[in-house]
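Below is one structure, written out as structure tokens; the observations come after it.
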Amino acid sequence: MAPIVQEQQSPEQDTLESLFVVDADVHIHEDPAGMADYAPSPWDVALREIAKVPERYLDLPGMSPRAEYRVPWPGGSNRKQTVDSASEMRSGLNDLNVDRAVLFPDHLLALAMVRDPRFAVALAQSYNAWLRDHWLLAEPTLKGSLVIAPQDPVASAEDIRRHAGEPEFVCVYLPASGVRPLYGHHVYEPVYEAAAEAGLPVVMHSVEAVYPTFPFQLEVFQTSLAQHAVAHPFSMMANMISLLETGVPVRYPDLGIGIMEAGISWVPFMLNRLDKEYTERRREVPFLQERPSHYIKRWYFGTQPIEEPENRGDIVKLFELFDGAERSMFASDWPHHDFDHPQYVFGLPFSPSDRRAIMGGNAARFFRLEA
Amino acid sequence: MPREYVVARTSEIPEGSHRIVRVGRREIGVFNMGGVWHAIPNLCPHQRGPLCEGAISGTLGYGPDTDWKLDWVHEGEIVTCPWHALEWHVPSGRCLAFPDMRLRKFPTRVDGAEVRVIL
């Protein structure tokens with residue numbers, strides 16, 4: 003591994019401090035008791051019960067069913083990997099030189115795996131209302147992603163319409179871990195209609211989990227190294243293919259589509275693979291007027307966890323393979339275990355204009371943020 | 112010309128503990144491992160995380176030293192960076208994940224009740 007210590011200054015005098023930095027993916031920690039105040043009966047009772055249960059990192063019985071049981075060795079990172087308030091988040095982001103950030107949840111990353119669809123809807127709706135009141139209105143530089151419960155797309159569409167027009171929300175969040183069917187399925191049409199109507203892009207984001215649906219049957223592996231290596235990118239690949247094969251980008255041409263926390267090195271592979279399939283099997287997807295890469299190159303990609311090759315110039319080459327400089331958004335994943343410090347992405351050998359775009363410009367366009 | 116800096120009293124860093132001291136603009140982690148003293152930069156070469164704020168533990172090993180069996184090794188000698196959990200063996204300064212990477216180790220000296228670091 004090449005040491006990453008380097009000067010923060012790029013040749014044209016941009017510094018991390020002087021750039022407008024948007025962080026497309028940071029995580030807030032839910033407060034079940036606080037969410038209960040926004041939940042309809044009887045789900046408020048359940049949330050107050052959950053608040054009594056001791057929780058572990060991304061693991062709260064009743065709320066984040068990830069079924070992941072690791073051997074508990076001592077040691078490892080002792081850093082606090084949760085953020086509990088808007089002011090704590092703002093303070094942490096100040097240390098990272100982040101000007102604006104888009105908030106995603108902790109436990110509700112696992113929302114698609116909640117068994118009871120009524121509870122899933124209550125969780126999503128109470129989270130959105132609690133998030134707005136306690137985080138977004140408290141700190142205007144923090145922007146919200148409006149979580150949906152994929153178990154009930156109709157109710158989710160209603161919640162999107164309920165919050166449509168609130169400037170605190172800048173995207174609709176599609177929880178991808180364990181989601182079934184995949185997001186290209188027609189059952190999600192109400193969600194895409196409501197998001198397009200509200201002018202909000204949709205963003206897919208996964209989390210490591212072991213769950214009996216493709217591609218989360220990760221019990222085949224013995225270690226979290228193996229499970230985590232594939233959980234995020236496989237989930238994004240599966241949903242990317244699903245959206246393409248049912249023509250979501252064609253049916254909703256103005257709908258922005260974003261992908262988080264899967265790194266970027268798999269994207270060129272996926273584009274080339276889909277384009278190759280298209281030459282032979284176009285008749286199955288006649289709604290596509292162009293090769294799949296034509297559509298996917300309009301999507302936006304969070305950078306985290308950015309790959310760390312020996313030669314940092316390899317990252318720039320990877321971006322070139324999918325026009326990534328025009329569509330990639332710096333994301334830290336703060337405060338999670340594998341967060342990326344912005345100085346690494348800032349220090350990659352991009353052109354000055356590409357660097358500015360990746361560190362903030364692209365995200366400002368995708369989320370319609372003002373500087 | 113190397114200089115000695117008094118960074119702590121021995122009683123302030125009991126065996127099995129460590130603390131971060133400042134010498135000029137440098138932050139240095141000073142470790143008391145079974146009465147043997149070590150000093151390393153409080154800076155992880157990976158992404159410049161505050162390495163010495165990490166926890167001390169052992170870790171899992173597997174190789175010729177463990178007769179090719181999984182074993183718990185280096186108890187009390189591993190510091191884990193709180194940012195991304197990269198493991199470092201403090202006595203040798205070696206990075207467990209990347210054997211080519213080594214931390215700078217500052218010489219130490221105990222003079223009576225004073226712990227000194229030589230820079």
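Quick note, the sequences are listed as chains A and B, same order. Here the first sequence is numbered in this note's numbering, starting from 3 and rising by one per residue. Here the second sequence is numbered in this note's numbering, starting from 112 and rising by one per residue. The beta carbon of each residue, even a glycine, is placed where N, CA and C say it ideally should be.
| Asked | Found |
| --- | --- |
| Are there 16 or more other CB atoms within 10 angstroms of the CB of A/Glu-292, so buried, or fewer, so exposed? | exposed |
| Using a Cβ-Cβ cutoff of 8 Å, what residues of the stretch 65–84 of chain A are near chain B? List them in chain order. | Trp-75, Pro-76, Gly-77, Gly-78, Ser-79, Asn-80, Arg-81 |
| Is it true that the stretch 266–273 of chain A meets the stretch 216–223 of chain A, where meeting means three or more beta-carbon pairs spaced less than 8 Å apart? | no |
| Compile a chain-ordered list of the residues in the stretch 318–340 of chain A whose CB is closer than 9 Å to at least one CB of chain B. | His-339, Asp-340 |
| Is there a C-beta anywhere in chain B that falls below 8 Å from the one on A/His-2? | The structure shown does not extend to residue 2 of chain A, since chain A is modelled only from 3 to 373, so the question has no answer here. |
| Assign B/Pro-152 to one of three DSSP states: helix, strand, or coil. | strand |
| Check the Cβ of A/Tyr-346 against every Cβ in chain B and list those closer than 7 Å, keeping chain order. | Gln-158 |
| For B/Thr-170, report the span of its alpha helix (DSSP H) as first-last. | Segment 167–172 is the beta strand (DSSP E) holding B/Thr-170; no alpha helix (DSSP H) there. |
| If you reduce the DSSP assignment to three classes, tell me which class B/Arg-137 lands in. | strand |
| So which of A/Pro-42, A/Arg-120, A/Thr-143 has the shortest CA-CA distance to A/Phe-369? | A/Thr-143 |
| So that I know if they touch, is there some Cβ in chain A lying closer than 8 Å to that of B/Gly-140? | no |
| Rounding to the nearest angstrom, what Cα-Cα distance links A/Tyr-175 and A/Trp-132 in this structure? | 16 Å |
| Among A/Val-156, A/Ala-240, A/Leu-290, which has the Cα closest to the Cα of A/Gln-127? | A/Val-156 |
| I need the straight-line Cα distance from A/Ala-151 to B/Thr-121, nearest angstrom please. | 57 Å |
| According to DSSP, what are the bridge partners of A/Phe-103? | The amino acid at residue 103 of chain A is misidentified as Phe; the sequence shows Ala. In the DSSP output, where bridge partners are listed per residue, A/Ala-103 has A/Asp-25, A/Leu-144. |
| Just to confirm, are B/Val-147 and B/Val-134 a CB contact at a threshold of 8 Å? | no |
| Does the beta-carbon distance from A/Pro-235 to A/Gly-186 come in below 8 Å? | no |
| Using the rule of at least 16 other Cβ atoms within 10 Å of the residue's Cβ for burial, across every protein chain shown, is A/His-188 buried or exposed? | exposed |
| Can you say whether A/Val-347 is buried or exposed, counting buried as having 16 or more other CB atoms within 10 angstroms of its CB? | buried |
| Cα separation between A/Asp-25 and A/Pro-344? | 9 Å |
| Around the Cβ of A/Arg-1, are there at least 16 other Cβ atoms within 10 angstroms (buried) or fewer (exposed)? | The question about residue 1 of chain A has no answer here: the residues shown for chain A are numbered 3 through 373. |
| Of the residues A/Pro-203, A/Trp-336, A/Asp-340, which one's Cα is nearest the Cα of A/Leu-371? | A/Pro-203 |
| Which one or two residues does DSSP pair with A/Pro-76 in a beta bridge? | Partner(s): none; A/Pro-76 has no beta bridge. |
| A/Trp-75: buried (16+ other C-beta within 10 angstroms of its C-beta) or exposed? | exposed |
| Can you tell me which of B/Pro-218, B/His-149, B/Asp-222, B/Pro-156 puts its alpha carbon nearest to the alpha carbon of B/Cys-206? | B/Pro-156 |
| For a minimum of 3 consecutive residues, which ranges assigned as the beta strand (DSSP E) are wholly contained in the stretch 185–233 of chain A? | 204–207 |
| Using a Cβ cut-off of 8 Å (strictly closer), state whether A/His-187 contacts chain B. | no |
| According to DSSP, which residues form a beta bridge with A/Ser-66? | A/Ser-66 pairs with nothing; no bridge assigned. |
| Less than 8 Å between the C-beta atoms of A/His-207 and A/Met-262, yes or no? | yes |
| Which residues does DSSP list as the beta-bridge partners of B/Val-132? | B/Ile-139 |
| Using CA coordinates, which residue listed in A/Asp-135, A/Pro-192, A/Val-193 is at the minimum distance from A/Pro-169? | A/Asp-135 |
| If the criterion is Cβ atoms closer than 8 Å, does the pair A/Leu-148 and A/Phe-171 meet it? | yes |
| Measure the Cβ-Cβ separation of A/Asp-161 and A/Pro-119 and say whether it is below 8 Å. | no |
| Can you give me the C-alpha to C-alpha distance between B/Cys-163 and A/Arg-314, rounded to a whole angstrom? | 27 Å |
| Quick one, which of A/Asn-130, A/Glu-210, A/Phe-303 has its alpha-carbon nearest A/His-165's? | A/Asn-130 |
| Hey, B/Ser-203 and A/Gly-77 are a contact pair by Cβ (cut 8 Å); roughly how many whole angstroms apart? | Contact doesn't hold; Cβ gap of about 17 Å is too wide. |
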